[in-house]
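Accompanying notes for the structure given below.
4 protein chains.
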Amino acid sequence: MKINGVEIEDTFAEAFPIKVGRVLITAVTERWALSSAREATGFGTSVIGCPAEAGIECMVSGDETPDGRPGAYILVCNMSFKALEPSLLFRIGQCVLTAPTTAVFNGLPEAEQQFDSGKKLSFFGDGYQKQAELYGRNMWKIPIISGDFLMEQNIGAVNGVAGGNFYIMGQNQMAALTAAETAVDAIAKQKGTITPFPGGIVASGSKVGSKYKFLKASTNAAFCSSLREDGVCTMVEDVSAIYEIVINGISQEAVAKSMKVGIMAACQVPGVLRISAANFGGKLGPYQFKLQEILK
Amino acid sequence: MKINGVEIEDTFAEAFPIKVGRVLITAVTERWALSSAREATGFGTSVIGCPAEAGIECMVSGDETPDGRPGAYILVCNMSFKALEPSLLFRIGQCVLTAPTTAVFNGLPEAEQQFDSGKKLSFFGDGYQKQAELYGRNMWKIPIISGDFLMEQNIGAVNGVAGGNFYIMGQNQMAALTAAETAVDAIAKQKGTITPFPGGIVASGSKVGSKYKFLKASTNAAFCSSLREDGVCTMVEDVSAIYEIVINGISQEAVAKSMKVGIMAACQVPGVLRISAANFGGKLGPYQFKLQEILK
Amino acid sequence: MKINGVEIEDTFAEAFPIKVGRVLITAVTERWALSSAREATGFGTSVIGCPAEAGIECMVSGDETPDGRPGAYILVCNMSFKALEPSLLFRIGQCVLTAPTTAVFNGLPEAEQQFDSGKKLSFFGDGYQKQAELYGRNMWKIPIISGDFLMEQNIGAVNGVAGGNFYIMGQNQMAALTAAETAVDAIAKQKGTITPFPGGIVASGSKVGSKYKFLKASTNAAFCSSLREDGVCTMVEDVSAIYEIVINGISQEAVAKSMKVGIMAACQVPGVLRISAANFGGKLGPYQFKLQEILK
Amino acid sequence: MKINGVEIEDTFAEAFPIKVGRVLITAVTERWALSSAREATGFGTSVIGCPAEAGIECMVSGDETPDGRPGAYILVCNMSFKALEPSLLFRIGQCVLTAPTTAVFNGLPEAEQQFDSGKKLSFFGDGYQKQAELYGRNMWKIPIISGDFLMEQNIGAVNGVAGGNFYIMGQNQMAALTAAETAVDAIAKQKGTITPFPGGIVASGSKVGSKYKFLKASTNAAFCSSLREDGVCTMVEDVSAIYEIVINGISQEAVAKSMKVGIMAACQVPGVLRISAANFGGKLGPYQFKLQEILK
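Dropping the structure here:
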């Protein structure tokens, strides 16, 4: 299968279950919503070494938010609901409550699992916090030095998917990187998914396990062109650099859609030669996203 | 004391000791250096609820970096060297090693305290990592799917200062916020300091302690204009909103300099009425930065 | 009439007819589409002193463009079709043909008025240009040093509207400015309109005419708070600063819609007191946009 | 000669004399200074089809500006002082006077040639303008609806240089483009020069003249890789895409310095193969910048 001359390999992305909380941050301008969302989702690339996986799902205009202000949806992901609750609490408390002009709304009000993060954070008001029905939501009003901070009582979470992915293989590093950038931009407009790595991109795609017992993941040596002379790299000759896009989402459908949109975008960039994906014989997880099926 | 018509209150900022690691991230362009630096310093506003305090110190051109590429200095702070080491390791490993085109250099090669973070991360190479003298530095070369990742063997750290601060008091929220933005921009050009909160700004300045025993910090109610009718707010009448700038740095001198530069910038913004600072009778820490002395 | 506590004055915006050409610029990434679009629409605030009025209408994803790449729609406006043709030709030739990775498509293929700008620019190919049916469009392929530049044969234009406007009146400058920023952001997502002034905002709203015969427009003194003591300023007491949003569009409907969206956004910003609009007894033009009707 | 493995061709850039005006725009924040500077320097790539050549020279902090606010230096260039004067007047009047929170200062107060642009623009005040000695400068204070606009009486201009240039030759388009981006970033920190094309980059490097008599410039066919099969392209085999950086400046020294800084930056990008420059046997102008001498 080829798209715009780019070979789509007959393979699949392997992914695993994760719990996903969804938060809507609004602010006086898009810039300030983005500023808070960035801080709240930072240090959140992989649960291997970060306290959570997190990213900005998409930006929304005031006509899509309860308070009529521009906003950012963020997703925060962890391996269990028990681990997710403090991730939400601390990321919102330390990075959104503290950010200029923000308010917080439940991004998944229909979800079965709800955390009372708003109630818990309201204690920061030191007794001056008040509950109020606002915008049809159950809100807390917490006096802060810049005004009042508003936060909804609950934040919802669902069973989601982590590790959806594809590999962009390029003639050289800059071709693959520019394709990765435009793929991330395209995915950023989709609902329900994030690309949690820096700038949405993984430079150092890994395999499950390592020759070192203390490491859960290590470099995917078979795809490292600098190991070609060692015979370790088994990639086709003309590819010299790969970037990986990793996608988490609130459902398999959302992840599949973002994979499609991202791959289509990447295939428009000159110097991109192939699209592949990472899988590990089930060692990573039960979900399989077959590239050629997704792209039909 | 007045600057440009803005009253500088006769008070001081109270701050506390912290351990500070300094990392230079370089990349193929400024944008990619910034992208990695943002991810690596996210979820890093306050050790009260974040695993570390972190921020971007400043951006540098290729003529100031070992590999001739543009870069970003970041500071990562924690309460002990023991706590700082994993903070550096995980933030670099998860957010810089994984980021497109980055390399990592020791930002404090002269410091007494050195962590062998580069050596530890090199195991990601799964046996294919190699040590090399490059740019006059002791580097590790780790094969990754996008090329090779280069990282210096050691990252240095020093005894620094956290919690340097000032309050920007405005006629209204947008005046105080714009002043906070321009203050943060000015501080961003200084060496040796960070403003770790979202966009560099604290919307919810806190006091030490709370009426709730389980809370270490709570809203600084005496400065909340929405509590004026309750008699809790003791602020002068004309001030209706405050933003706080919190500054961490590698030395008292660096923090004092950034406080000065930030206050001078804030005082240029129309609608700013007063500059003050937060202190807690020594409950926060031993350092005192007197505003009027700093500004002399 | 009040929106979110902000008084909407019972007045109208006066606007005038203008000719509007619409161009779709695509590029390898959003960033590069934006970079070209900015250059092409610069020095384009008002026909009083600029060679055209121009702005970025909106950004679009690859799924909305003929070549599947991200893009920017721009509008270029002039007082006659005769004046508009060279404006399009030179702005595209000097600022899009010259920009990295761009292609140009007709933004109004259904319009009656069509200019053969693509054919004219193709001569830059010095005899090596070629015509080709691509993406279902009649395209020119011009060899350039970075690859091939693709441009559609025709660019369409319509009878549009210039000078749609509203005034954001604030307690102080920063409140009005932040409201102007968020209004511009909201309008930027609408189709068919631009806000041609710097950052989409007019700091120096003018009246038609002047005491100096050589000036077509001069400061709207009745709205200058610094002339209050002179008795010239007739504004209500509590307003101390105003920013104006000027909107051009391909139709009256598009302008009215963007005025509505912008006003709604501005009214969410604390410190905004009133919304008004500029009109000149018909001296500017025949179109009237009544604020309270638009907002119904 | 090689830099970081990149061949520096033994050739020179040909450039021509131009008149250069220099303007300092300050604003309440860097963002607003930049916003105005972008509008004021747009549609300013080449005098072949633009009313002037213009660009942002560099951004400066409040400690480098008369009013203590952040600022942007811009350069506006035209073929004669007579043509330059209205370029300055209209670009400042339409794009800086109209922009939020800006003030304008003379960027070349020591130059022999001075234009009284500030005096001329002050008439916009419709009789309410006032002259005042402020910040040690001779300023005009013009009441506008957002406050007062301040502008210095004079703007200075000098005999400068246009068309300094170099070619970045890449294995493919994205390698050359990324190198062009990082070169432009590096030059943006230099004083006294601009890169007037979109994003600082020329995608469509031209030669002087054309087979069509009505064209002053046409595609530099000998460097177009898509004309290789026609035998027109004489470039070395491995190069498939070129981007050109064009530099204007206030002196030959400034242009030479920026060429050096830009080339050094470009040579750090993987996939860059060669650096060359454009010259036309003196048909363009009298200045010659020899690459290998500049880089010594």
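Protein chains in written order, with the numbering used here: chain A, 1 to 296; chain B, 1 to 296; chain C, 1 to 296; chain D, 1 to 296. The beta-carbon is built from N, C-alpha and C at its ideal position, and this holds for glycine as well.
At the level of alpha carbons, what is the spacing between residue i and residue j?
{"i": "D/GLY44", "j": "D/GLU85", "result": "15 Å"}
{"i": "A/GLN131", "j": "C/CYS50", "result": "54 Å"}
{"i": "D/VAL20", "j": "C/PHE115", "result": "35 Å"}
{"i": "C/PRO270", "j": "C/GLY5", "result": "10 Å"}
{"i": "D/VAL239", "j": "D/MET79", "result": "35 Å"}
{"i": "A/THR182", "j": "A/ALA175", "result": "11 Å"}
{"i": "B/GLY231", "j": "A/SER146", "result": "17 Å"}
{"i": "C/THR26", "j": "C/MET1", "result": "43 Å"}
{"i": "D/GLU293", "j": "D/VAL184", "result": "21 Å"}
{"i": "B/GLY200", "j": "A/THR98", "result": "10 Å"}
{"i": "C/LYS189", "j": "C/GLU57", "result": "8 Å"}
{"i": "D/SER122", "j": "A/VAL202", "result": "55 Å"}
For residue i, report the span of its alpha helix (DSSP H) as first-last.
{"i": "D/GLN292", "result": "291-294"}
{"i": "A/SER184", "result": "A small correction: the amino acid at residue 184 of chain A is Val; Ser does not occupy that position in the sequence shown. Its alpha helix (DSSP H) spans residues 173-187."}
{"i": "A/CYS95", "result": "81-95"}
{"i": "B/ARG118", "result": "Note on identity: in this sequence residue 118 of chain B is Gly, with Arg being the wrong assignment. Its alpha helix (DSSP H) spans residues 117-122."}
Can you name the start and end residues of the beta strand (DSSP E) that residue i belongs to?
{"i": "D/ARG69", "result": "Looking at the DSSP string, D/ARG69 is not in any beta strand (DSSP E), and its letter there is neither H nor E."}
{"i": "D/THR26", "result": "12-26"}
{"i": "A/ALA40", "result": "Per DSSP, A/ALA40 belongs to no beta strand (DSSP E); it is in the alpha helix (DSSP H), 30-41."}
{"i": "C/GLN131", "result": "130-134"}
{"i": "C/LYS207", "result": "206-208"}
{"i": "B/SER276", "result": "272-276"}
{"i": "B/ASN279", "result": "First-last for B/ASN279: undefined, no H or E at that position."}
Whole-angstrom Cβ separation of residue i and residue j, contact assumed at under 8 Å?
{"i": "A/PRO70", "j": "A/ARG137", "result": "Going by Cβ atoms, the distance from A/PRO70 to A/ARG137 rounds to 17 Å, so no, they are not a contact pair."}
{"i": "B/GLU14", "j": "B/ASN279", "result": "4 Å"}
{"i": "A/VAL261", "j": "A/ILE187", "result": "6 Å"}
{"i": "C/ASN106", "j": "C/GLU64", "result": "About 14 Å separates the two Cβ atoms, so there is no contact after all."}
{"i": "C/GLY156", "j": "C/PRO109", "result": "6 Å"}
{"i": "B/ALA37", "j": "B/ILE74", "result": "5 Å"}
{"i": "C/ILE194", "j": "C/ILE8", "result": "About 23 Å separates the two Cβ atoms, so there is no contact after all."}
{"i": "C/GLY68", "j": "A/MET264", "result": "7 Å"}
{"i": "D/LEU284", "j": "D/VAL208", "result": "5 Å"}
So, helix, strand or coil for residue i, using DSSP?
{"i": "B/PRO143", "result": "strand"}
{"i": "B/LYS260", "result": "helix"}
{"i": "C/GLU313", "result": "Any answer about residue 313 of chain C is impossible in this case: the structure gives chain C only from 1 up to 296."}
{"i": "C/GLU53", "result": "strand"}
{"i": "A/ALA99", "result": "coil"}
{"i": "D/VAL255", "result": "helix"}
{"i": "D/LEU227", "result": "helix"}
{"i": "B/GLY125", "result": "helix"}
{"i": "D/ALA221", "result": "helix"}
{"i": "C/ASP63", "result": "helix"}
{"i": "C/GLY44", "result": "coil"}
{"i": "A/GLY163", "result": "strand"}
{"i": "B/ALA157", "result": "strand"}
{"i": "B/GLY192", "result": "coil"}
{"i": "D/ALA265", "result": "helix"}
{"i": "C/GLY285", "result": "coil"}
Counting only Cβ pairs nearer than 7 Å, list the residues of chain G close to residue i.
{"i": "C/PHE123", "result": "This model lacks chain G altogether, as its protein chains are A, B, C and D."}
Handout entry: Where the stretch 174-186 of chain B meets chain C: residues whose CB sits under 7 Å from a CB there
Key = MET174, ALA175, THR178
Handout entry: chain C contacts made by the stretch 220-235 of chain A, where a contact means CB separation under 9 Å
Key = none
Practice task
Check distances from the C-beta atoms of the stretch 11-45 of chain A to those of chain C and list, in chain order, the residues that come in under 7 Å.
Solution key: VAL28, THR29, GLU30
Exercise for the section: Below 8 Å between beta carbons is the criterion; list the residues of the stretch 249-270 of chain D that meet it against any residue of chain B, in chain order. Expected result: VAL261, MET264, ALA265, GLN268, VAL269, PRO270
Exercise for the section: Give the residues from the stretch 157-174 of chain D that approach chain A closer than 9 Å (Cβ to any Cβ), ordered along the chain. Expected result: GLY170, GLN171, ASN172, GLN173, MET174
Exercise for the section: Using a Cβ-Cβ cut-off of less than 7 Å, give me the residues of the stretch 203-217 of chain C that come near chain D, in sequence order. Expected result: ALA203, SER204, GLY205, SER210, LYS211, TYR212, LEU215
Practice task
Could you run through the stretch 53-85 of chain B and flag, in chain order, every residue whose CB is less than 7 Å away from some CB of chain D?
Solution key: SER61, GLY62, GLY68, ARG69, PRO70
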